[in-house]
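Engineer:
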Amino acid sequence: MTVEREELTRQIDVAPWNWMRAHLERGGIILVDPSLELADAAVAIAKDDSVLIGGWIAKGMLGKPSVEEIAQWDETPPVFRMVVVSPYILAQIYTPDPDEVPHE
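Last residue of the sequence shown: 928 in our numbering, with the numbers rising by one and none dropped.
#1: Check for me: the alpha helix (DSSP H) holding D864 runs from which residue to which?
#2: Please report the residue range of the alpha helix (DSSP H) in which D898 lies.
#3: Contact defined as beta carbons within less than 8 Å: I believe P901 pairs with L848. What is the distance between those atoms, to the nearest angstrom?
#4: Helix, strand or coil, according to DSSP, for G879 in the structure here?
#5: A895: buried (16+ other C-beta within 10 angstroms of its C-beta) or exposed?
Take a look at the structure:
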């Protein structure tokens with residue numbers, strides 16, 4: 825299977841916490857550190873690049889959300905950038921760029 829970064833980049837979307845919560849309950853959410861490109865993490869997981877993934881996990885840049893993070897999100901629901909790499913949903917907290925022009 826060839827994993828195309830461009831295809832995964834096109835699949836990145838934005839979703840509110842309440843849409844993501846059900847996936848958390850089945851263990852499907854992987855949180856991606858903001859210092860990583862979401863598409864790069866998606867490609868690594870799709871290709872099962874265990875060396876790269878293991879390095880990110882060891883550095884705390886990739887992993888399951890903590891109990892504290894989940895409690896905070898339940899209290900103040902964020903919006904996420906997310907992409908599906910079955911069976912996972914890779915997610916980053918979405919902070920819009922103030923210069924970003926909203927879609928009409």
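Yeah, the Cβ is synthetic: ideal placement off N, Cα and C, and Gly gets one too.
Structural biologist: In this structure, then:
#1: Mapped onto the sequence shown, residue 864 falls at position 40. Its alpha helix (DSSP H) spans residues L862 to A870.
#2: Counting from 1 along the sequence shown, the entry for residue 898 is found at position 74. Taken as a continuous stretch (DSSP letters only), the alpha helix (DSSP H) holding D898 covers V891 to E899.
#3: The sequence position of residue 901 within the sequence shown is 77, counting from 1. The sequence position of residue 848 within the sequence shown is 24, counting from 1. Contact flag wrong, Cβ pair sits at about 12 Å.
#4: Here residue 879 refers to the residue found at position 55 of the sequence shown. In the structure shown, G879 sits in a helix (DSSP, three-state: H, G or I).
#5: In the sequence shown, residue 895 corresponds to position 71, counting from 1. Exposed.
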